[in-house]
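Report on one structure; see the data block that follows.
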Amino acid sequence: MKICIMSAVHSPFDTRMYYKIGKSLSNKHEITIIAPHNKKIDEEIEGIHIITIPETKKKTTYPFTIINLFFAALKADCDAYQCELPSTLLVGVIIKILKRKKVVYDMRDYYPTLIAENAIFPDRLKPLIRVASMWCERFLCMFADFIITVDDVMKFKYKDYNKNIITVSNYPKKSLFIRKEGREKDKKENSVVYVGGLIKYKGIFESIKAIEIVRNEIPDVKMVFIGKFNNDGFKEEVTPYIKEQKLEENIVFTGWVPHGETIKYLEKANVGLVLLQPIERYIHAISVKLFEYMACGIPVIASDFPEMRAIVEENNCGITVDPTNIMEISDAIIELLKDPQKEKKMGENGRRAVEEKYNWENMEKRLFGLYEELA
36 MKICIMSAVH
46 SPFDTRMYYK
56 IGKSLSNKHE
66 ITIIAPHNKK
76 IDEEIEGIHI
86 ITIPETKKKT
96 TYPFTIINLF
106 FAALKADCDA
116 YQCELPSTLL
126 VGVIIKILKR
136 KKVVYDMRDY
146 YPTLIAENAI
156 FPDRLKPLIR
166 VASMWCERFL
176 CMFADFIITV
186 DDVMKFKYKD
196 YNKNIITVSN
206 YPKKSLFIRK
216 EGREKDKKEN
226 SVVYVGGLIK
236 YKGIFESIKA
246 IEIVRNEIPD
256 VKMVFIGKFN
266 NDGFKEEVTP
276 YIKEQKLEEN
286 IVFTGWVPHG
296 ETIKYLEKAN
306 VGLVLLQPIE
316 RYIHAISVKL
326 FEYMACGIPV
336 IASDFPEMRA
346 IVEENNCGIT
356 VDPTNIMEIS
366 DAIIELLKDP
376 QKEKKMGENG
386 RRAVEEKYNW
396 ENMEKRLFGL
406 YEELA
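Taking my numbering, the leading residue of the sequence shown gets 36, the next gets one more, and so forth.
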């Protein structure tokens, strides 16, 4: 079966699209990925045909991205189209009507809320944008042959949109993250790590302020941020604060790191942070980073939200905190860094949970079943 995975926003080498779904399906199907990139690509890379369309930074030119995506997808002439965004789903639905193709919607976020939060919309219009986006997405979902969600909470919320809906959680690959036997972590530093986009609502400032307090008890503590700033304005807020508080020796920004190389940093870390802030789209979210830390045997400090709390408590793999409370965050970091036995035990519990339950190898079986049914 020829399957096209497409997005109007994500990189063609996006972790979920390329490294997980793309590589898994390429074992049984012919896979093409179409997505924006700053380099023109039309070639097979590791068994997956990559086709890029021009990348745009301006929101005003986004409609042209959708048009380019439509014509590239139409030319690819695949049997099924997996769409990563509502705008991409629109492209898939049009192709389905024109060419009688199969369409799968990979719903990895609460997109109506995400769209409404966009800074281009005035605050007074955001509720209207959210409702309009919700009904547009709901209408397009009626045309999908299958909907994929990343967790069961989202599946329950969207089950009325389409009867063919399954959960394919964004768990890590065991083969990439699980530490090989006998390979020990380098713990020369008291290292705390965060992996992901450096976005205000992911607790970046809260982490920095917590490290400022931790430093008073553990002077050599290091906070390592693995990822890039998605917004220059936010970067300009963070950088001066670090200088003002003289935290340059305690805060490290690596910039963007390729997916496969993240493991090198995680192996040196003692604690991993997942401090999503209490906004609507995060309250019921389960960050994939939570599972990546667990896979590497790192205890987690996570937001005390229902779904993440359930995972952390069930597996005794870390501590949950109020993500807005700097003292709670700093106390949790100090507790783990000063108690190596607890750190080790919680890390081992998390790794065992990923080996047994929270891994991509379990999820790809569902993905195979979905496409076998479509074929």
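Note that CB positions come from ideal geometry on N, CA and C, so glycine has one too. In this text, all values refer to a predicted model and were calculated from it rather than measured experimentally.
Proximal residues to residue i (C-beta, below 7 Å), its chain only, five neighbours per side dropped
i, result
"methionine 381", "Pro334, Asn351, Cys352 and Gly353"
"aspartate 339", "Thr355, Val356 and Asp357"
"asparagine 384", "Asn350, Asn351 and Cys352"
"tyrosine 54", "His294"
"serine 46", "Ala70 and His72"
"asparagine 199", "Asp180, Phe181 and Ile182"
"glutamate 283", "Ile277"
Run of the beta strand (DSSP E) containing residue i, from where it starts to where it stops
i, result
"cysteine 171", "That residue, cysteine 171, is in no beta strand (DSSP E); its alpha helix (DSSP H) goes 161-176."
"leucine 308", "306-309"
"phenylalanine 260", "257-261"
"valine 203", "That residue, valine 203, is in no beta strand (DSSP E); it is neither H nor E in DSSP."
"alanine 337", "335-338"
"alanine 115", "115-118"
"valine 227", "226-230"
Distance, residue j Cα to residue i Cα
i, j, result
"glutamate 370", "lysine 94", "45 Å"
"phenylalanine 288", "glutamate 272", "15 Å"
"isoleucine 412", "leucine 175", "Nothing can be reported for residue 412, as the shown portion of the chain is limited to 36 through 410."
"isoleucine 298", "glutamate 378", "18 Å"
"methionine 52", "glutamate 252", "42 Å"
"aspartate 195", "isoleucine 321", "22 Å"
"proline 293", "isoleucine 286", "20 Å"
"isoleucine 314", "lysine 237", "10 Å"
"valine 126", "isoleucine 201", "22 Å"
"glutamate 90", "phenylalanine 105", "14 Å"
"isoleucine 40", "aspartate 186", "20 Å"
"alanine 307", "valine 228", "Checking the sequence, you will find glycine at residue 307 rather than alanine. Rounded to whole angstroms, glycine 307 to valine 228 spans 5 Å at the Cα level."
"serine 242", "isoleucine 336", "11 Å"
"arginine 218", "leucine 301", "The predicted model places arginine 218 with a pLDDT of 43, which falls under 50 and marks its position as unreliable, so this point remains unresolved."
"alanine 43", "threonine 100", "6 Å"
"isoleucine 164", "histidine 319", "21 Å"
"glutamate 79", "lysine 263", "28 Å"
"methionine 343", "glutamate 363", "17 Å"
"arginine 250", "tyrosine 116", "51 Å"
"methionine 169", "tyrosine 276", "38 Å"
"isoleucine 85", "threonine 67", "6 Å"
Span of the alpha helix (DSSP H), counted from its first residue to its last, around residue i
i, result
"methionine 52", "Looking at the DSSP string, methionine 52 is not in any alpha helix (DSSP H), and its letter there is neither H nor E."
"aspartate 187", "187-193"
"threonine 100", "97-111"
"isoleucine 361", "361-372"
"serine 242", "239-252"
"methionine 41", "Taken as a continuous stretch (DSSP letters only), methionine 41 belongs to no alpha helix (DSSP H), being part of the beta strand (DSSP E) at 37-41."
"alanine 345", "341-350"
Residues near residue i by beta carbon distance below 8 Å, same chain, minus five either side
i, result
"phenylalanine 269", "Leu233, Ile234, Lys235 and Ile239"
"tyrosine 206", "Val323, Phe326, Val389, Tyr393, Asn394, Trp395, Asn397 and Met398"
"tyrosine 414", "As shown, the chain starts at 36 and ends at 410. That puts residue 414 outside it, with no answer to give."
"threonine 274", "none"
is_contact[residue i, chain D] using C-beta, thresh 9 Å
i, result
"glycine 404", "Going by chain labels, chain D is absent from the structure shown, which holds only one protein chain."
Residues near residue i in its chain [Cβ-Cβ closer than 6 Å; skip 5 each side]
i, result
"lysine 208", "Trp395"
"phenylalanine 31", "Since the displayed the chain opens at 36 and closes at 410, residue 31 lies outside it and no answer follows."
Segment contact flag, the segment 68-78 with the segment 222-234, C-beta cutoff 8 Å, min 3 pairs:
Fewer than three beta-carbon pairs drawn from the segment 68-78 and the segment 222-234 are found closer than 8 Å, and the two stretches are therefore not classed as touching.
For the 8 Å Cβ check, are there 3 or more pairs between the segment 133-143 and the segment 179-189?
Yes: at least three Cβ pairs fall under 8 Å.
Going residue by residue through the segment 271-315, where are the continuous beta strand (DSSP E) segments of at least 3 residues, counting only ones entirely within it?
Entirely contained in the segment 271-315, the beta strand (DSSP E) runs reaching 3 residues are, in chain order, 286-290 and 306-309.
Going residue by residue through the segment 121-151, where are the continuous alpha helix (DSSP H) segments of at least 4 residues, counting only ones entirely within it?
If we require 4 residues or more, the alpha helix (DSSP H) runs fully inside the segment 121-151 come out as 121-134 and 146-151.
Runs of alpha helix (DSSP H) lying entirely within the segment 64-97, each at least 4 residues, in chain order:
Listed in chain order, there is nothing to give.
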